[in-house]
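2 protein chains.
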Amino acid sequence: MAAQNHQKFLSAKESEPINFGWMQGFPPEKDKVLHTWDGSFFEFPAIRWSVVHMREMLPTQNVSRGLNAPSELPYKLDKNIDSLTFLPWNSKTPMTWEKSLWENYTDGMIILHKGNVVYERYFSELTDCDVHAVMSLTKSFTGSLASILAAEGILDPNKLVTFYVPELKNSAYGDATVRQVMDMTTALKYSEDYADPNADIWEFSAAGNPLPKPKGYDGPNGYYEYLQTVKKQGTHGEAFGYKTVNADALGWIISKASGKSVSDLLSEKIWRKLGMEQDAYYQVDGLGTPFAGGGFNAGLRDLARFGELIRNQGKFNGQQIFPAEAVKDIEKGGSKEAFAKSGHPELKGWSYRNMWWMTENKDGAFAARGVHGQTIYIDPKAEMVIVRLASHPIAGNAANDPTSLPAYQAVADYLMKK
Amino acid sequence: MAAQNHQKFLSAKESEPINFGWMQGFPPEKDKVLHTWDGSFFEFPAIRWSVVHMREMLPTQNVSRGLNAPSELPYKLDKNIDSLTFLPWNSKTPMTWEKSLWENYTDGMIILHKGNVVYERYFSELTDCDVHAVMSLTKSFTGSLASILAAEGILDPNKLVTFYVPELKNSAYGDATVRQVMDMTTALKYSEDYADPNADIWEFSAAGNPLPKPKGYDGPNGYYEYLQTVKKQGTHGEAFGYKTVNADALGWIISKASGKSVSDLLSEKIWRKLGMEQDAYYQVDGLGTPFAGGGFNAGLRDLARFGELIRNQGKFNGQQIFPAEAVKDIEKGGSKEAFAKSGHPELKGWSYRNMWWMTENKDGAFAARGVHGQTIYIDPKAEMVIVRLASHPIAGNAANDPTSLPAYQAVADYLMKK
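Top line first, the protein sequences correspond to chains A and B. Under full-length UniProt numbering, the first residue of the first sequence carries the number 1, and numbering increases by one thereafter. Under full-length UniProt numbering, the first residue of the second sequence carries the number 1, and numbering increases by one thereafter.
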């Protein structure tokens, strides 16, 4: 099915921004101007430009790296990786690693093995001096921050959400625990079906849009007001339901618990401590609230540093950045039973914990995942971290998983044999 | 008059953002939310918060520092500076340097002497990990880039504007030279009187506003379209007239001449070459055009590095970053006669060259200047560079010059005697 879908779209090479000239020239041609308010910036192939330029169209909050020199990422590039082959799901024709990158509209790919960069490539609009929108990868940052605060004793996952955010008392979150939010087992009357024009996600987006509200708009203003309108449907704790609002609720919870914005928290706990190369940023709503469910933007190597930090349970360059317990709690995994009820048949046997996707495979791999192909994929057994940034024409990762997940396993298997 | 004006406003200490909580809290209180579209973000005292947070309310373009370690700024702090005294203009009561900082709502102050930091302080909302809006200081960056391109042979100041930007043929710029734009001696029917609601500056601002145009708006879209509507009044080359549009016309000219956006040019020619500590950014219009007349934001120490680069005629840390001729051409100064016609009686004997303000004083000092008190003040004879970032309640620098310019001279005189 993915293959059929692909046929509708220009190829990765054909769709490169350089072939279109989005927002290029002085001034750009009229039909090459992209805006957030008409949706043009997020349509394929324009999205291939936009993922590297979100701040040029939207207000954003800085995540400071501090002022120190960047930390060294040692290189041991391995030229064999490009020609590694794997079987895509539902296919009998082997594919090379290199081909999979084009197949998946990859903008940036880095592989770390035992902390060394063994593979790194940039495509399309991305360079190593740019940041890229990471979409729902953002959620794993929110979840990791919650996990860190819990390990530090600042946040108690067993408490009710309302202990930290009393404003959510009359919403679906009124009787949910922080743990249920972290694992997305809240029972919400909330549809995130992007294909449905009546889905709740659109009201959520309207609330979070930083532009002035249109005349006559009487809906909620900002993510926090929206969250207060979410209604309950079912019983908390029984089923995994992947809903972006949970990440924004968690963002609110950790801000209330710590007294800091999500941007400042991420800067303080991680970005300033790893010798990041570039500042990162969050998109914000009209009240300055960072979009904790999907608004983060960062550089490829810095995301790899973060992945390496998680793989090493909070240790980086010989220093324990936060309590190891924060990652151990992620690695415990979530309930497979709850996950099985979620309607992700292609991710059989997986679970979800602290806003990370747990493959529950033989290597104990787990991942941060965002639409259009973003991932941080951590394979503890192979001592491997993969970060891919991408701008696949199809939002859902079901379109790229068949040529991604088996490819990652092929690299892991290769690295383990080295 | 400045003193009388001051009495209307809260003091520097009283007006610190920490006393108001602008955009603080989860969520911020309703009357503490600031927006660009209702002007609230730029009203005093809210402006004291906004100058450090422009990107959180506006789309912006990054000016990358690259990825290298920051260059060292050597420190030789001098504790005597705070107690230096000077006579404010039209006053017989001496004032200390330290008091002048509070008097002028200073957010950041740094003094370099022979390349060493001899004084550095942060106030109010600014820290050394923040960037600050520099307002019309931006123009001196635009002018410096033009001067660099001229020294490199990429731009010919003697050519007509239309050689580079044919789109300006039917505007006031149709028969102006690039040199006249660089020195602001174009004759424009254009009022920049912020107190006049019918002044052209408002139409210019509306064109450059990155928000969607209001329903029924049929004016120009973006800075470039606006510039094409500017009409001529008088004869080019006769009088200095300080008009922001000239800096945006120059931004257009240097982009056309180089094939690069002003943001990319500044990054390539300067920001990546000095070992800056922080990325900087430009505010942009709705077409992604950087606001070359006033939209730049940067960190205090990085602005000092730039000032030091100019003071040393393009040399920094022993390396010639661009041809010395680029600065020599600035130091020539402009026409004092043309300047005298401009209605700046308080800046008697000054001139204007390549978008720098030339004091023409005994030290050959010259400055970049922006409303609300921004300055880079370079005193070649004293081997001194001062950068002040501020959020003075009164936009015009006439309000702070009486307690700034003589203070700078007092420090210069002191340093020369050391």
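All C-beta atoms in this analysis are idealised placements derived from N, C-alpha and C, irrespective of residue type, glycine included.
Using 8 Å for Cβ pairs, my map puts residue i next to residue j. What's the rounded Cβ distance?
{"i": "A/L274", "j": "A/L300", "result": "At roughly 14 Å, the Cβ-Cβ gap does not stay under 8 Å, so A/L274 and A/L300 are not in contact."}
{"i": "B/N317", "j": "B/S71", "result": "6 Å"}
{"i": "B/L155", "j": "B/V178", "result": "7 Å"}
{"i": "A/G208", "j": "A/G222", "result": "7 Å"}
{"i": "B/M23", "j": "B/L34", "result": "6 Å"}
{"i": "A/P59", "j": "B/P59", "result": "7 Å"}
{"i": "B/Y224", "j": "A/P27", "result": "5 Å"}
{"i": "B/T85", "j": "B/A340", "result": "About 31 Å; that fails the 8 Å criterion."}
{"i": "B/V161", "j": "B/L188", "result": "Actually they do not touch by this definition, with Cβ atoms about 12 Å apart."}
{"i": "B/M384", "j": "B/L77", "result": "At roughly 15 Å, the Cβ-Cβ gap does not stay under 8 Å, so B/M384 and B/L77 are not in contact."}
Would a C-beta distance cut-off of 7 Å place residue i and residue j closer than the cut-off?
{"i": "A/R353", "j": "A/D183", "result": "yes"}
{"i": "A/G21", "j": "A/T138", "result": "no"}
{"i": "A/S171", "j": "A/M355", "result": "no"}
{"i": "B/A367", "j": "B/L415", "result": "no"}
{"i": "A/E360", "j": "A/G343", "result": "no"}
{"i": "A/R48", "j": "A/P74", "result": "no"}
{"i": "A/Y408", "j": "A/I386", "result": "yes"}
{"i": "A/A280", "j": "A/A298", "result": "yes"}
{"i": "B/I253", "j": "B/V134", "result": "no"}
{"i": "A/T403", "j": "A/P94", "result": "no"}
{"i": "A/K260", "j": "A/Y190", "result": "no"}
Can you tell which of the options has its C-alpha closest to the C-alpha of residue i?
{"i": "A/F44", "options": "A/F366, A/S140, A/H392", "result": "A/H392"}
{"i": "A/G396", "options": "A/P380, A/G373, A/M416", "result": "A/G373"}
{"i": "B/Q180", "options": "B/M54, B/L266, B/A338, B/L112", "result": "B/A338"}
{"i": "B/D175", "options": "B/S191, B/T235, B/P197, B/A146", "result": "B/T235"}
{"i": "A/A324", "options": "A/L211, A/A151, A/W356", "result": "A/A151"}
{"i": "B/A304", "options": "B/Y190, B/L389, B/L67", "result": "B/L389"}
{"i": "B/S335", "options": "B/T185, B/K189, B/N361, B/P74", "result": "B/T185"}
{"i": "A/E346", "options": "A/L405, A/A326, A/L112, A/V230", "result": "A/L405"}
{"i": "B/V371", "options": "B/Q278, B/D193, B/R65", "result": "B/D193"}
{"i": "A/K328", "options": "A/L250, A/S144, A/W271, A/I376", "result": "A/S144"}
{"i": "A/N122", "options": "A/L149, A/R65, A/V52, A/P94", "result": "The sequence shown places Tyr at residue 122 of chain A, rather than the Asn named in the question. The shortest C-alpha separation from A/Y122 is found at A/V52."}
{"i": "B/S83", "options": "B/Q320, B/Y119, B/S91, B/I386", "result": "B/Y119"}
{"i": "A/M276", "options": "B/T85, B/N68, B/A12", "result": "B/N68"}
{"i": "A/S258", "options": "A/V230, A/W202, A/T142, A/N297", "result": "A/T142"}
{"i": "A/P214", "options": "A/K418, A/N19, A/W37", "result": "A/W37"}
{"i": "B/I321", "options": "B/L266, B/G286, B/I253", "result": "B/L266"}
{"i": "A/L287", "options": "B/D31, B/P17, B/Y190, B/Y173", "result": "B/D31"}
{"i": "A/F306", "options": "A/H113, A/W271, A/T229", "result": "A/W271"}
{"i": "B/K256", "options": "B/L168, B/K8, B/T229", "result": "B/L168"}
{"i": "A/V63", "options": "A/Q283, A/A46, A/W97, A/L77", "result": "A/Q283"}
{"i": "B/I81", "options": "B/D200, B/L101, B/A199", "result": "B/L101"}
{"i": "A/K362", "options": "A/G314, A/A412, A/N400, A/K315", "result": "A/A412"}
{"i": "A/D285", "options": "A/A195, A/P220, A/G216, A/Q278", "result": "A/P220"}
{"i": "A/T127", "options": "B/G66, B/G251, B/I148", "result": "B/G66"}
{"i": "B/L211", "options": "A/A326, A/E56, A/A199, A/G216", "result": "A/E56"}
Could you tell me which chain B residues have their CB closer than 8 Å to the CB of residue i, listed as they occur along the chain?
{"i": "A/Y224", "result": "F26, P27"}
Along chain A, which residues have their Cβ under 9 Å away from the Cβ of residue i?
{"i": "B/P70", "result": "L67, N68, A69"}
{"i": "B/L211", "result": "W37, L211, P212"}
Strictly below 9 Å CB to CB, what residues from chain B border residue i?
{"i": "A/R55", "result": "R55, P59, T60, Q61, N62, Y281"}
{"i": "A/E277", "result": "L67"}
{"i": "A/M135", "result": "Ordered by position in chain B, no residue passes the 9 Å Cβ test against A/M135, which lies about 19 Å from the chain."}
For a contact meaning CB atoms closer than 7 Å, what does residue i contact in chain A?
{"i": "B/T289", "result": "P27"}
{"i": "B/V284", "result": "E56"}
Who are the neighbours of residue i on chain A, taking C-beta pairs under 8 Å?
{"i": "B/D128", "result": "L67"}
{"i": "B/M416", "result": "Under the 8 Å cutoff, chain A gives no residues; its nearest Cβ is about 31 Å from B/M416."}
query = Got a sec: which bits of the segment 30-41 of chain B sit with their beta carbon under 8 Å from any beta carbon on chain A, in order along the chain?
reply = Of all residues in the segment 30-41 of chain B, only V33, H35, W37 place a beta-carbon less than 8 Å from a beta-carbon of chain A.
query = Can you list, in chain order, the residues of the segment 378-398 of chain A whose Cβ is nearer than 7 Å to any Cβ on chain B?
reply = Of all residues in the segment 378-398 of chain A, none is placed with a Cβ closer than 7 Å to any Cβ belonging to chain B.
query = What residues from the segment 231-258 of chain A come within 7 Å of chain B, judged by C-beta to C-beta, listed N to C?
reply = The residues in question are W252, S255, K256.
message = If the cut-off is 8 Å on Cβ atoms, which residues from the segment 182-206 of chain A count as contacting chain B, listed in chain order?
response = Listed by position along the chain: nothing, the set is empty.
query = In chain order, what residues of the segment 355-366 of chain B put their CB closer than 9 Å to some CB of chain A?
reply = Correct list: empty, as no residue qualifies.
query = Using a beta-carbon distance cut-off of less than 9 Å, what residues from the segment 87-111 of chain A approach chain B?
reply = Interface annotation for the segment 87-111 of chain A against chain B: empty, criterion Cβ-Cβ distance under 9 Å.
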